[in-house]
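Report on the following structure.
Protein chains: 2
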Amino acid sequence: MFSDSPADMASHEERVKSALVSMPSYEEISTLAARFKAISEPSRLKILLALSCGELCVEHITQAVGGNQSAVSHQLKTLKDNKIVKARRNGKQVMYSVSDEHIMTMISVAKEHLNCDE
Amino acid sequence: MFSDSPADMASHEERVKSALVSMPSYEEISTLAARFKAISEPSRLKILLALSCGELCVEHITQAVGGNQSAVSHQLKTLKDNKIVKARRNGKQVMYSVSDEHIMTMISVAKEHLNCDE
DNA sequence: ATATCTTATGAATTGTTATTCATATGATAA
DNA sequence: TTATCATATGAATAACAATTCATAAGATAT
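Protein chains in written order, with my numbering: chain V, 270 to 387; chain A, 270 to 387.
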């Protein structure tokens with residue numbers, strides 16, 4: 270007999286209940302997931318990493334990540350729609366930057382997590 | 270004339286350079302992206318949110334997120350392969366839990382980011 | 001050993017998403 | 001206005017990933 274005692278099983282049920290009551294709404298989960306998805310493609314993550322060094326225009330982002338203008342523009346749109354980056358126009362150019370400190374924190378925490386293993 | 274001065278353009282070039290030199294390797298970017306991808310599907314994110322309340326066995330996870338056992342098992346594999354969750358066997362059951370504090374931090378920062386807008 | 005409970009996996013189908021190409025839009029300068 | 005530079009977008013194809021179903025494997029009890 271190696272499994273949990275009846276008392277432990279009861280606490281498991283409690284945890285199922287607390288997981289159920291504290292579960293965010295369908296909408297919140299969808300939005301969160303979409304935002305993680307936005308930074309889950311290497312091409313877009315690379316853009317985000319480039320922008321974590323400072324504001325850049327589309328052409329410079331394209332240089333920094335390597336690729337073509339159209340692809341980068343599509344990728345930036347995804348990042349912007351998901352509030353990962355923000356944009357401001359400056360003459361003919363559009364300058365992109367990381368949306369806020371939360372995103373910066375996520376990047377650095379993710380990098381730390383990377384160092385923990387391997 | 271509304272665009273940046275020549276001096277500003279020079280600093281832009283500097284930022285391209287610093288983005289290029291500080292850019293993580295292809296492998297690091299791939300790993301990071303894969304980890305974000307693991308938590309970027311609503312079904313898997315939901316599992317992670319459930320586990321953020323405490324360790325659960327597969328059956329209870331299945332109850333907490335709604336779905337079928339096979340799907341949940343596949344989803345758990347993806348999460349585990351990407352070090353988002355960890356597993357330990359307890360008799361017939363396998364108990365899953367959030368891999369470490371980095372992941373917990375990421376979840377809470379992402380939730381905060383959600384509160385900032387909308 | 002056999003039965004039962006719990007979890008994991010392979011293969012196929014279905015559904016999604018990324019990238020490309022061509023072109024459109026926005027901004028400035030001449 | 002027209003030309004040019006910078007960025008964005010629509011549509012299509014091509015690459016990828018999620019879910020399902022059937023079944024296998026691991027663990028314990030009888």
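Even glycine gets a Cβ: it sits at the ideal position worked out from N, Cα and C.
- For residue 342/A, not one C-beta of chain V is nearer than 8 Å to its own C-beta.
- Chain order gives the chain A residues near residue 369/V as 382, 385, where near means a beta carbon separation below 8 Å.
- Relative to residue 352/V, the option among 311/A, 312/A, 385/A, 309/A whose CA is nearest is 385/A.
- Approximately 7 Å separates the beta-carbon atoms of residue 376/V and residue 317/V; this is inside 8 Å, confirming the contact.
- Per DSSP, the continuous beta strand (DSSP E) segment holding residue 359/V begins and ends at 354-359.
- Taken in chain order, the complete beta strand (DSSP E) segments of 3 or more residues contained in the region 280-332 of chain V number zero; there are none.
- If you draw a 10 Å sphere on the C-beta of residue 295/V, you find fewer than 16 other C-beta atoms in it, and that means exposed.
- Counting along the chain, the unbroken alpha helix (DSSP H) around residue 339/A starts and ends at 338-350.
- Closer than 8 Å to the CB of residue 285/V there is at least one CB belonging to chain A.
- DSSP places residue 377/V outside any beta strand (DSSP E); the residue lies instead in the alpha helix (DSSP H), whose first and last residues are 370-385.
- A direct Cα-Cα distance of roughly 56 Å separates residue 357/A from residue 361/V.
- In this structure, the straight-line span from the alpha carbon of residue 365/V to that of residue 343/A is close to 37 Å.
- Ranked by Cα distance from residue 345/V, the first of 304/V, 287/V, 297/V is 304/V.
- Counting only Cβ-Cβ distances below 7 Å, residue 332/V has contacts in chain A at 285, in chain order.
- The Cβ of residue 355/A sits no closer than 8 Å to any Cβ of chain V.
- With a threshold of 16 other beta carbon atoms within 10 Å, residue 367/V meets it and is buried.
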